[in-house]
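A.B. asks:
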Amino acid sequence: MTTLEANKVDTDNLSGKLTKESFPVTGMTCAACAVSVESMLANTKGVVGAGVNFATQTAWAQFDNTVASVEDLRQAVQSIGYDLIVDVEDPSEAQAQLQLEHYKSIKKRLTWSAILTLPVVVIGMFFMDWEAGKWISMALSAIILFYFGKNFFVVAWKQAKHGKANMDTLVALSTGIAFVFSVFNTVFPEYWHSRGIHAHVYFEAAVVIITFISLGKLLEEKAKSNTSSAIKKLMGLQPKTVKAIVDGEEVEIPISSVQEGYILIVRPGEKIPVDGEVAEGKSYVDESMITGEPVAVEKTAGAKVFAGTVNQKGSFRMVAKKVGGQTVLASIIKMVQEAQGSKAPVQKLVDKIAGIFVPVVLGISILTFIVWMIFGGDNAFTMALLASITVLVIACPCALGLATPTAIMVGVGKGAENNILIKDAESLELGHKVNAIILDKTGTITEGKPAVTEAIWLSDENLDNHKGILLSMESQSEHPLAEAVVNQLKEEKVAEGSITGFDSLTGRGVTATSGEEVYYVGNRKLVLEKNIIIDDSLSIEASKWQNKANTVVYFTDSKRVIAVLAIADKIKATSKEAIQTLQGRGIEVYMLTGDNNETAAAVSKQVGLKHFKAEVLPSEKAEFVKALQAEGKVVGMVGDGINDSHALAQADVSIAMGKGSDIAMDVAKMTLITSDLNVIPKALMLSKKTVMGIRQNLFWAFIYNLIGIPLAAGVLYPINGFLLDPMIAGAAMAFSSVSVVANSLRLKVAKI
1 MTTLEANKVD
11 TDNLSGKLTK
21 ESFPVTGMTC
31 AACAVSVESM
41 LANTKGVVGA
51 GVNFATQTAW
61 AQFDNTVASV
71 EDLRQAVQSI
81 GYDLIVDVED
91 PSEAQAQLQL
101 EHYKSIKKRL
111 TWSAILTLPV
121 VVIGMFFMDW
131 EAGKWISMAL
141 SAIILFYFGK
151 NFFVVAWKQA
161 KHGKANMDTL
171 VALSTGIAFV
181 FSVFNTVFPE
191 YWHSRGIHAH
201 VYFEAAVVII
211 TFISLGKLLE
221 EKAKSNTSSA
231 IKKLMGLQPK
241 TVKAIVDGEE
251 VEIPISSVQE
261 GYILIVRPGE
271 KIPVDGEVAE
281 GKSYVDESMI
291 TGEPVAVEKT
301 AGAKVFAGTV
311 NQKGSFRMVA
321 KKVGGQTVLA
331 SIIKMVQEAQ
341 GSKAPVQKLV
351 DKIAGIFVPV
361 VLGISILTFI
371 VWMIFGGDNA
381 FTMALLASIT
391 VLVIACPCAL
401 GLATPTAIMV
411 GVGKGAENNI
421 LIKDAESLEL
431 GHKVNAIILD
441 KTGTITEGKP
451 AVTEAIWLSD
461 ENLDNHKGIL
471 LSMESQSEHP
481 LAEAVVNQLK
491 EEKVAEGSIT
501 GFDSLTGRGV
511 TATSGEEVYY
521 VGNRKLVLEK
531 NIIIDDSLSI
541 EASKWQNKAN
551 TVVYFTDSKR
561 VIAVLAIADK
571 IKATSKEAIQ
581 TLQGRGIEVY
591 MLTGDNNETA
601 AAVSKQVGLK
611 HFKAEVLPSE
621 KAEFVKALQA
631 EGKVVGMVGD
641 GINDSHALAQ
651 ADVSIAMGKG
661 SDIAMDVAKM
671 TLITSDLNVI
681 PKALMLSKKT
691 VMGIRQNLFW
701 AFIYNLIGIP
711 LAAGVLYPIN
721 GFLLDPMIAG
731 AAMAFSSVSV
741 VANSLRLKVA
751 KI
């Protein structure tokens, strides 16, 4: 399914031609919204199949020629308060713009709603007998409810027309009833006074609900606004234009014009535009977006190159082999899209509850009215009306609506204090269930950058001079490992030596002359080829390093090896401790890497890992996640590179390292600001504490309704004459909300 652009596919069917189109959807805030949109599309005349991808905010429909136009589909979706973006030049840009405008609109409405709510609450709590105050509250409440909170009523009405109910329905019903009842009591107080009942108003209850629920909506919208940014950044890895040889001349053409067989020119520092083969020239190419490994790969004539990877120092010409949607980069984009939408987000418990709670409360209210009308005696109608309205007022969803967002807000804040940035509630809800964690090697367990780990020099009086010559040679070398040697020598404050005749020896190393002596820097193959003597002590150490999967660099003159250096990607100091902590909690920890088996085995042994897999491609990482999920495991994925993005999107809980790629951080639901892996166990414990807080909050919200609604209905009246005063109901409602907020704030001092 194409996520950000309408994509039309025609397929033949026995009854005629079917058309399949996909569109961006606006207005969806939860999984229940996605279900509603899918249901409306599926039930539109002529539609034979439909689906909604909530993660990427898109919908698709397959329909026959009985659908007059896509406008029919749009009208069906609009009828329940959502919209499809159709007939625009750039649907993705239009969707992003609408999302931004919607977020700004909610923020503006929330700000003004909060400002106007304050005086209504002050009057309602401290000046409840001030007659003029009731009229002021009524005017302000009308503005808050029917202007700043009108969306709740619009969506509730559209849902009701199709026999559906959600949280908006509950908000609209309770605030609407409380407002109308309060208006009646303000305008006609004598109706109640003549019957010996105080005419209490509930304007503050109504506006507080609107303001708090609007705050929850704003938080949801903010979390959702970056849904497609990862896809956009992946698409941005491909250059917009490319230099090609056309009719013997070098011209710049759009990437979309490139066809198979074109000869393209790639210069130093440029991104490779499409998949292909090197035709002439040589260079080193950074393929970390595919392999995850930091060492650039040497490319000579005939070598394969891939779109989105970065050319280093050399330049070359390449033949385009795969273009457009056929490239490896395009397949990564497609896999990330599919993985983001393949698992349905956790449908919020309060939305499920609202669908049942609304009709139940309405039923209890109507039943209360009927029972009082039958058994209420002389004041049957008055008592029936008062009791039924009290039921609706006390069934206020404020505590229910606050239960999740307040705990999540505090949890997110607690995470930030501990270097954990949390993007959405789902990761917090699922984190405590994780029983299998996959760690990428490079940049996650290791530092992600080759460095000199050990070096042995033959002791002689020319040590400083030799180090200077090595620095000069490696400074001119194009080999990606040369930088590690340069950085090490510069840290030692070594001054560059004087060299001439520098030359690169393909596949072996480099050579240069200093004075009368010829020097070499390269691999063991070069040492053997030049018949250079290697001291036994150096040879033994070099063998040990190679067994640990280090790369060994030899520095020699024309007769003997002067020094050997071990280069490796260092393991982070905290990796072993973090892995042992996770394993101690009964969590299975796996390491996946694109590196070779020897290196993977050596790293696993050093950090105490029981499970690892080497030479893994990006798609294979995601398949490994799927395999664990198929076994019933809740999988956490920790990575830092573009090559991890597919697996991060597929995982139940995804965690990106803060020093990794922007795309990994966009796809992941959590980002660690620090490179310390000890933060991962903390993130999972934070999830456990937050979920516990949400459950406790829901308990308080439910216990209040469980006790309050029967009392409001008058269940004790036949026994002891007790009838719950609506004013006490309002106070109880406020107390339930305060208890929920207070319980959430306890998480601030919890130890993780």
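Numbering (the UniProt record's numbering), first residue to last: 1 to 752.
Yeah, the Cβ is synthetic: ideal placement off N, Cα and C, and Gly gets one too.
On a predicted model such as this, the values are computed, not experimentally measured, just so you know.
Does the count of Cβ pairs from the segment 260-271 and the segment 304-311 closer than 8 Å reach three?
C.D. replies: With a cut-off of 8 Å, the segment 304-311 and the segment 260-271 count as touching, because enough Cβ pairs lie within range.
A.B. asks: What residue from TYR191, VAL653 and THR674 has the CA that sits closest to ASN435's CA?
C.D. replies: As a position in the sequence shown, residue 435 is number 435, starting the count at 1. Nearest C-alpha to ASN435: VAL653.
A.B. asks: Pairs of beta-carbons, one from the segment 441-452 and one from the segment 565-576, closer than 8 Å: are there three or more?
C.D. replies: Yes, the segment 441-452 is in contact with the segment 565-576.
A.B. asks: Once DSSP output is grouped into helix, strand and coil, what is the label at ILE533?
C.D. replies: As a first step, residue 533 must be located in the sequence shown, where it is residue number 533. The answer is strand: DSSP assigns ILE533 an E or B state.
A.B. asks: Go to ILE197, then tell me how far its alpha helix (DSSP H) extends in each direction, as first and last residue.
C.D. replies: Along the sequence shown, read from residue 1 onward, the residue named residue 197 stands at position 197. From DSSP, ILE197 is part of no alpha helix (DSSP H); its letter is neither H nor E.
A.B. asks: Output the boundary residues of the alpha helix (DSSP H) element that contains residue 764.
C.D. replies: Past the edges of the chain, shown from 1 to 752, lies residue 764, and the structure says nothing about it.
A.B. asks: Which parts of the segment 409-446 are runs of the beta strand (DSSP E), unbroken and 3 residues or longer, counting only runs that do not cross its ends?
C.D. replies: With a minimum length of 3 residues, the continuous beta strand (DSSP E) runs that stay inside the segment 409-446 are 420-422 and 436-440.
A.B. asks: Between GLN546 and the rest of its own chain, which residues show a CB-CB distance below 7 Å, the 5 nearest in sequence each way excluded?
C.D. replies: As a working mapping, residue 546 is identified with position 546 in the sequence shown. Excluding residues within five positions, the ones whose Cβ falls inside 7 Å are VAL552.
A.B. asks: In chain order, what residues of the same chain lie with their CB nearer than 6 Å to the CB of VAL635, ignoring the 5 residues before and after it?
C.D. replies: For this step, residue 635 is matched to residue 635 along the sequence shown. Excluding positions up to five away in sequence, the list reads ALA436, VAL625, LEU628, GLN629, ALA651 and ASP652.
A.B. asks: Let me know the secondary structure DSSP gives TRP457 once reduced to three states.
C.D. replies: As a first step, residue 457 must be located in the sequence shown, where it is residue number 457. TRP457 falls in the strand class under three-state DSSP.
A.B. asks: Under DSSP, the alpha helix (DSSP H) around GLY133 begins and ends at which residues?
C.D. replies: Start at 1 with the first residue of the sequence shown, and residue 133 comes out as number 133. Its alpha helix (DSSP H) spans residues 131-143.
A.B. asks: Are there 16 or more other CB atoms within 10 angstroms of the CB of LEU528, so buried, or fewer, so exposed?
C.D. replies: For the purposes of this step, residue 528 is taken as the residue at position 528 of the sequence shown. So LEU528 ends up on the exposed side.
A.B. asks: Sort PRO480, ALA172 and THR442 by Cα distance to GLU615 and report the nearest one.
C.D. replies: Sequence index remark: in the sequence shown, residue 615 carries index 615 (1-based). Among PRO480, ALA172 and THR442, the Cα nearest to that of GLU615 belongs to THR442.
A.B. asks: Would you mind stating whether ALA455 and LEU526 have Cβ atoms separated by less than 8 Å?
C.D. replies: Within the sequence shown, the letter at position 455 stands for residue 455. Within the sequence shown, the letter at position 526 stands for residue 526. No, Cβ-Cβ distance for ALA455 and LEU526 is not below 8 Å.
A.B. asks: Let me know the secondary structure DSSP gives LYS626 once reduced to three states.
C.D. replies: Walking along the sequence shown from the start, residue 626 turns up at place 626. Helix at LYS626.
A.B. asks: Under the rule that 16 or more other beta-carbon atoms within 10 Å means buried, what is ALA139, buried or exposed?
C.D. replies: Translated into the one-based positions of the sequence shown, residue 139 becomes position 139. Its Cβ having fewer than 16 others within 10 Å, ALA139 is exposed.
A.B. asks: Give every residue of the same chain whose Cβ lies closer than 7 Å to the Cβ of VAL607, excluding the five residues on either side of it in the sequence, and list them in chain order.
C.D. replies: Here residue 607 refers to the residue found at position 607 of the sequence shown. Cβ neighbours of VAL607 beyond the five flanking positions: ILE445, ILE571, SER575, LYS576 and ILE579.
A.B. asks: With DSSP as the reference, identify every bridge partner of LEU316, one or two as the case may be.
C.D. replies: Here the question's residue 316 lines up with position 316 in the sequence shown. Reading off the sequence, residue 316 comes out as Phe, not Leu. According to DSSP, PHE316 bridges with VAL266 and GLY281.
A.B. asks: Looking at the structure shown, is ARG524 part of a helix, part of a strand, or coil, going by DSSP?
C.D. replies: Position 524 of the sequence shown, counted from the start, is the residue given in the question as residue 524. Helix.
A.B. asks: Expressed to the nearest angstrom, what Euclidean distance is found between the alpha-carbon atoms of ALA600 and THR593?
C.D. replies: Locating residue 600 in the sequence shown gives position 600, counting from the first residue. Locating residue 593 in the sequence shown gives position 593, counting from the first residue. Computed Cα separation, rounded: 7 Å.
A.B. asks: Decide if THR671 is buried, meaning its Cβ has at least 16 other Cβ atoms within 10 Å, or exposed.
C.D. replies: Reading the sequence shown from its first residue, position 671 is the one you call residue 671. Looking at its Cβ environment, which holds 16 or more other Cβ atoms inside 10 Å, THR671 is buried.
A.B. asks: For ALA59 and VAL70, which I take to be in contact (beta-carbon distance under 8 Å), what is that distance rounded to the nearest angstrom?
C.D. replies: Reading the sequence shown from its first residue, position 59 is the one you call residue 59. Reading the sequence shown from its first residue, position 70 is the one you call residue 70. Not really, about 11 Å apart at Cβ, beyond 8 Å.
A.B. asks: Which partner residues of PRO24 appear in the DSSP bridge assignment?
C.D. replies: For the purposes of this step, residue 24 is taken as the residue at position 24 of the sequence shown. Paired residue(s): THR58.
A.B. asks: In whole angstroms, give me the CA-to-CA distance for GLY27 and SER36.
C.D. replies: As a working mapping, residue 27 is identified with position 27 in the sequence shown. As a working mapping, residue 36 is identified with position 36 in the sequence shown. For GLY27 and SER36, the distance between alpha carbons rounds to 12 Å.
A.B. asks: In chain order, which alpha helix (DSSP H) runs of at least 4 residues are fully inside the segment 597-671?
C.D. replies: The segment 597-671 contains these whole alpha helix (DSSP H) runs: 597-607, 618-630, 645-650 and 662-667.
A.B. asks: Between the segment 199-217 and the segment 144-154, are three or more C-beta pairs nearer than 8 Å?
C.D. replies: Touching, per the Cβ criterion.
A.B. asks: If you draw a straight line from the C-alpha of ALA330 to the C-alpha of ALA320, how long is it?
C.D. replies: Start at 1 with the first residue of the sequence shown, and residue 330 comes out as number 330. Start at 1 with the first residue of the sequence shown, and residue 320 comes out as number 320. Approximately 15 Å, taken between the alpha carbons.
A.B. asks: Exposed or buried, what is GLN326 when buried is set at 16 or more other beta-carbons lying within 10 Å of its beta-carbon?
C.D. replies: As a working mapping, residue 326 is identified with position 326 in the sequence shown. The residue is exposed, with fewer than 16 neighbouring Cβ atoms inside 10 Å.
A.B. asks: Quickly, what does DSSP pair PHE63 with across the bridge? List them, please.
C.D. replies: Indexing the sequence shown from 1 puts residue 63 at position 63. Its beta-bridge partners are THR19 and VAL47.
A.B. asks: Near SER342, what residues of its chain come up, given a Cβ to Cβ distance below 6 Å and the 5 sequence neighbours on each side ignored?
C.D. replies: One-based indexing of the sequence shown puts residue 342 at position 342. The predicted position of SER342 is uncertain, since its pLDDT is 43 and thus under 50; a value taken from the coordinates is nonetheless stated next. Nothing meets the Cβ criterion.
A.B. asks: Nearest-angstrom Cα distance between SER141 and ASN185?
C.D. replies: One-based indexing of the sequence shown puts residue 141 at position 141. One-based indexing of the sequence shown puts residue 185 at position 185. Distance between the alpha carbons of SER141 and ASN185: 14 Å.
A.B. asks: Just reading off the alpha helix (DSSP H) that ASP464 is part of, what are its end residues?
C.D. replies: Taking the first residue of the sequence shown as position 1, residue 464 is located at position 464. Note, ASP464: alpha helix (DSSP H), 463-476.
A.B. asks: Roughly how many whole angstroms lie between the Cα atoms of PHE357 and ILE394?
C.D. replies: Here the question's residue 357 lines up with position 357 in the sequence shown. Here the question's residue 394 lines up with position 394 in the sequence shown. Rounded to the nearest angstrom, the two C-alpha atoms are 13 Å apart.
A.B. asks: Hey, out of GLN159, VAL187 and TYR103, whose CA is closest to ALA132's CA?
C.D. replies: Indexing the sequence shown from 1 puts residue 132 at position 132. For the residues GLN159, VAL187 and TYR103, the minimum Cα distance to ALA132 belongs to VAL187.
A.B. asks: Tell me where the alpha helix (DSSP H) around THR581 begins and ends.
C.D. replies: Along the sequence shown, read from residue 1 onward, the residue named residue 581 stands at position 581. Taken as a continuous stretch (DSSP letters only), the alpha helix (DSSP H) holding THR581 covers 575-584.
A.B. asks: Would you check if there are 3 or more beta carbon pairs closer than 8 Å linking the segment 510-521 to the segment 464-472?
C.D. replies: Short answer: they touch.
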